Amino acid sequence: AQRRTADALAAPEHIVHVNDHPANTHFPRNLFITSKYTVLTFPFKNLYEQFRRVANSYFLVITAMQLVPGVSPFPIYITIFPLAVILGVTAVKEGWEDYGRHRSDARVNNALVTRLTDKGEPASTKSSAVRVGDIIAVDRDTVCSADIVVLATEHNGQNRGSPTCWVDTANLDGETRLKVRRAVPLNRFLGHPEGRAEQATPAELASLKAVVTSDPPNPWIEVFSGRLDSADPSQDFATQLSRENLILRGAVLRNTRRVWGVVV
């Protein structure tokens, strides 16, 4: 774990500007792709992968030798036909499986996500249209569509109460035990007193101007650290972030009506 943390800290910082689309245009889209082929690449890529197998390469060499006059007394189709059948059946099988992946990807990418507009109004958009720096909502028993830092939680339709929520990460690490996540304290960022019990409303979140500086994306789901700084140079506000503030894509929200978070 210490080695992983050191490796993450040695990598370049991941800087996200909250509610500032022009500053985040260099980040990739929130596009989920598990398919291997496209219509154009399927014939070439599939043949390449099939001939990487030793058996197929062996039969290809034997077939090529059949083209040399006098090498084999048997007709060339005796070798070509079995090889063509094997390649054809395998191509159909892998093509059908990849078609299923395309359909699954389309369902994930076209799933509707609630995103805050510049006016602080919730609006539905496709998951693939979500961008880094956007503030999105995750509702109870739904899958989080992007990695987010939790900014506010809602219990029983209100923004009062505990800033904690619970997530199910069985899709990510196989653990069925619910994990606690906490909203980042934003009172100073929004100009509220430190002791204010209410959490930020969607309208207040839409006006939030801050910068998230954290570890870059990495394969270690238990490692995350960073800070939230005010984007106003005249305000020296900063809050430390840890993995308790992070909900990863694929996690399921439990026992909490809704959370709001910024996509990182």
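Those letters in the sequence shown? Residues 804 to 1067, by the numbering used here.
The beta-carbon is built from N, C-alpha and C at its ideal position, and this holds for glycine as well.
Quick caveat, the model's predicted, so the values are computed rather than measured.
*asked:* According to DSSP, is A809 part of a helix, a strand, or is it coil?
replied: Taking the sequence shown and counting its residues from 1, the one referred to as residue 809 is at position 6. With a pLDDT of only 49 at A809, under the threshold of 50, the placement of this residue in the model should not be trusted; the figure read from the coordinates follows. Helix.
*Determine the contact status of A1054 and T972, defining contact as a CB-CB distance below 8 Å.*
In the sequence shown, the residue the question calls residue 1054 occupies position 251. In the sequence shown, the residue the question calls residue 972 occupies position 169. The answer is yes: Cβ separation under 8 Å.
*asked:* What would DSSP say about Q853, mapped onto helix, strand or coil?
replied: Residue 853 sits at position 50 when you count from the first residue of the sequence shown. Correct three-state label for Q853: helix.
*Under 8 Å, do L1051 and S1028 count as touching if we go by C-beta distance?*
Counted from its first residue, the sequence shown places residue 1051 at position 248. Counted from its first residue, the sequence shown places residue 1028 at position 225. Contact flag unset, no.
*Which residues in the same chain have their Cβ closer than 7 Å to the Cβ of A894, if we skip the five residues on either side of it in sequence?*
The residue given as residue 894 occupies position 91 in the sequence shown. Excluding residues within five positions, the ones whose Cβ falls inside 7 Å are N849.
*asked:* I'd like the ranges of any alpha helix (DSSP H) spanning at least 4 consecutive residues and lying wholly in the stretch 925-985.
replied: 973-976
*To which residues of the same chain is A955 closer than 6 Å at the C-beta, ignoring the five residues directly before and after it?*
For the purposes of this step, residue 955 is identified with residue 152 of the sequence shown, where counting begins at 1. Correct list, in chain order: A986, Q1002, A1003 and W1063.
*asked:* Please give me, in chain order, every unbroken run of the alpha helix (DSSP H) with length at least 4 that falls completely inside the stretch 996-1033.
replied: 1005-1009
*Quick one: what does DSSP say I883 is sitting in, helix, strand or coil?*
The residue given as residue 883 occupies position 80 in the sequence shown. In the structure shown, I883 adopts helical secondary structure according to DSSP, grouped into three states.
*Test item: CB-CB of V935 and V1067 under 8 Å*: On the sequence shown, position 132 is the one that residue 935 refers to. On the sequence shown, position 264 is the one that residue 1067 refers to. Yes, the pair counts as a contact, with Cβ atoms nearer than the cut-off.
*Give the DSSP-derived three-state secondary structure of Q869 in the structure shown.*
Residue numbering aside, residue 869 sits at position 66 when the sequence shown is read from its first letter. It is helical.
*Tell me the DSSP bridge mates of L834?*
As a working note, residue 834 is residue 31 in the sequence shown. None, per the DSSP bridge assignment.
*So, using beta-carbon positions, are V1014 and V888 closer together than 8 Å?*
Reading the sequence shown from its first residue, position 211 is the one you call residue 1014. Reading the sequence shown from its first residue, position 85 is the one you call residue 888. The answer is no: Cβ separation not under 8 Å.
*Find out if the Cβ-Cβ distance for the pair R1061, R943 is shorter than 8 Å.*
What you label residue 1061 is simply residue 258 of the sequence shown in a count that begins at 1. What you label residue 943 is simply residue 140 of the sequence shown in a count that begins at 1. In this structure, R943 lies closer than 8 Å to R1061 by Cβ.
*Inter-residue spacing [alpha-carbon to alpha-carbon] between P1036 and P831*: Reading the sequence shown from its first residue, position 233 is the one you call residue 1036. Reading the sequence shown from its first residue, position 28 is the one you call residue 831. When rounded, the distance between both Cα atoms is 28 Å.
*Leaving aside the five residues before and after V819 along the sequence, list all residues of the same chain whose C-beta is less than 6 Å from its C-beta, in chain order.*
Counting from 1 along the sequence shown, the entry for residue 819 is found at position 16. Counting only Cβ-Cβ distances below 6 Å, and skipping sequence neighbours, we find V935, G936, V1015 and V1067.
*asked:* Using only the alpha-carbon positions, how far apart do D901 and A949 sit?
replied: As a first step, residue 901 must be located in the sequence shown, where it is residue number 98. As a first step, residue 949 must be located in the sequence shown, where it is residue number 146. If I take the Cα positions, the gap works out to 24 Å.
*Closer than 6 Å by C-beta to A929: which residues in its own chain qualify, once you throw out the five before and the five after it? Chain order, please.*
Here residue 929 refers to the residue found at position 126 when the sequence shown is read from its first residue. In the sequence on display, residue 929 carries Lys and not Ala. Hits under 6 Å: N913.
*In the DSSP assignment, find the beta strand (DSSP E) that holds R1057 and state where it starts and stops.*
Start at 1 with the first residue of the sequence shown, and residue 1057 comes out as number 254. Note, R1057: beta strand (DSSP E), V1055 to R1057.
*According to DSSP, is A894 helix, strand or coil?*
Stepping through the sequence shown from its first residue, residue 894 is reached at position 91. For A894, the secondary structure class from DSSP, reduced to helix, strand or coil, is helix.
*Tell me whether E1047 counts as near the ligand GDP, meaning its Cβ is closer than 7 Å to at least one heavy atom of that ligand.*
This structure does not include the ligand GDP; it has no bound ligands of any sort.
*Straight-line CA distance for D1032 to V892?*
Mapped onto the sequence shown, residue 1032 falls at position 229. Mapped onto the sequence shown, residue 892 falls at position 89. Using only the alpha carbons, I get a separation of about 57 Å.
*With a CB to CB cut of under 8 Å and the five nearest residues on each side skipped, what residues in its chain are close to A1034?*
On the sequence shown, position 231 is the one that residue 1034 refers to. These residues qualify, in order along the chain: H820, V821, D823, K1012, A1013 and V1014.
*Quick one: using the 10 Å Cβ neighbour count with 16 as the cut-off for buried, is F854 buried or exposed?*
Against the sequence shown, residue 854 aligns to sequence position 51. Label assigned to F854: exposed.
*Are the beta-carbon atoms belonging to W969 and R1046 less than 8 Å from one another?*
As a first step, residue 969 must be located in the sequence shown, where it is residue number 166. As a first step, residue 1046 must be located in the sequence shown, where it is residue number 243. No.
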